[in-house]
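Trainee: Submitted below is the structure of interest, expressed as structure tokens.
Numbering (my numbering), first residue to last: 68 to 317.
So, in structure tokens, the structure goes:
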């Protein structure tokens, strides 16, 4: 098999004692399609010539993680990073709950615990402390999360929501579940894709919510104009680099 290679990665190829750098444009099961400068492609004959290939490791994800650790000290501060018994009272001094009328649940099949969790998230009495929904697989965590996003999106304050997931598959599932409430024609919800993710890789129900424009300006515009933005946490960490201001999402 081949090393783990993603679209956009750089591959070093040595031919005739010269080093050429190619960019991965497509990955297949046992093949990788590369894009090279014409100085290489116009002379190289794949049927005759042989090259030495060196796969490089992209450090971007780790650079973003390190940047996040560095910023945490100033943005979250000690009160959030190293909480004490009095942390809750100190943080909630200026907290203002949202004004919420009686919640009309879109999903009528929610159980009592799910309804209670959604109501507390929507009311936001403990903001900016996080609300954690936990439980074993199959207990309805995603179902409660989808309902909470729906309720926040329908709130009179027109809240802007950034939903991040640990993986592309999880982000796609979230969009699929939310699609029943937010049709793609309204452009209320957008699925922001990393450069390495192709539209062809998306489930059919998710494709209408994504764009093939992977430029930072194009993705920035999508993120700024949509009410609900769904992305992986790794890609969302780059939003500030695109110029999306802090506090844009509620």
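Every residue, glycine too, gets a C-beta built ideally from N, C-alpha and C.
1. In whole angstroms, give me the CA-to-CA distance for residue 326 and residue 232.
2. Determine, using beta carbons only, whether residue 245 and residue 317 come nearer to each other than 8 Å.
3. Check whether the Cβ atoms of residue 185 and residue 139 sit closer than 8 Å, and answer yes or no.
4. Helix, strand or coil: how does DSSP classify residue 256 here?
5. With a CB to CB cut of under 7 Å and the five nearest residues on each side skipped, what residues in its chain are close to residue 270?
6. Could you say which of 228, 80, 298 lies nearest to residue 314 if we only look at CA atoms?
7. In chain order, which continuous runs of the alpha helix (DSSP H) of length 4 or greater are located wholly inside the segment 125-199?
8. Given that a residue counts as buried once 16 or more other Cβ atoms are within 10 Å of its Cβ, and exposed if not, what is residue 254?
9. If you draw a straight line from the alpha carbon of residue 110 to that of residue 104, how long is it in whole angstroms?
10. With a Cβ-Cβ cutoff of 8 Å, do residue 224 and residue 165 count as a contact?
11. Smallest Cα separation from residue 91: which of 250, 148, 112, 123?
12. Roughly how many whole angstroms lie between the Cα atoms of residue 201 and residue 180?
Mentor: So, to answer that:
1. The question about residue 326 has no answer here: the residues shown for the chain are numbered 68 through 317.
2. Walking along the chain shown from the start, residue 245 turns up at place 178. Walking along the chain shown from the start, residue 317 turns up at place 250. No.
3. In the chain shown, residue 185 corresponds to position 118, counting from 1. In the chain shown, residue 139 corresponds to position 72, counting from 1. Taking 8 Å as the Cβ cut-off, residue 185 and residue 139 do not qualify as a contacting pair.
4. Counted from its first residue, the chain shown places residue 256 at position 189. Looking at residue 256 - three-state DSSP - the assignment turns out to be strand.
5. Here residue 270 corresponds to residue number 203 of the chain shown, with the count starting at 1. Counting only Cβ-Cβ distances below 7 Å, and skipping sequence neighbours, we find 239, 243.
6. Counting from 1 along the chain shown, the entry for residue 314 is found at position 247. Closest by alpha carbon: 228.
7. 127-142, 144-148, 154-158, 179-190
8. Numbered from its first residue, the chain shown carries residue 254 at position 187. By the 10 Å Cβ count, residue 254 comes out exposed.
9. Locating residue 110 in the chain shown gives position 43, where the first residue counts as 1. Locating residue 104 in the chain shown gives position 37, where the first residue counts as 1. Each residue's Cα considered, the two are about 11 Å apart.
10. Within the chain shown, numbered from 1, the residue matching residue 224 stands at position 157. Within the chain shown, numbered from 1, the residue matching residue 165 stands at position 98. Closer than 8 Å, so yes.
11. As a working note, residue 91 is residue 24 in the chain shown. Minimum Cα distance to residue 91 is reached at 123.
12. For the purposes of this step, residue 201 is identified with residue 134 of the chain shown, where counting begins at 1. For the purposes of this step, residue 180 is identified with residue 113 of the chain shown, where counting begins at 1. Each residue's alpha carbon lies about 11 Å from the other.
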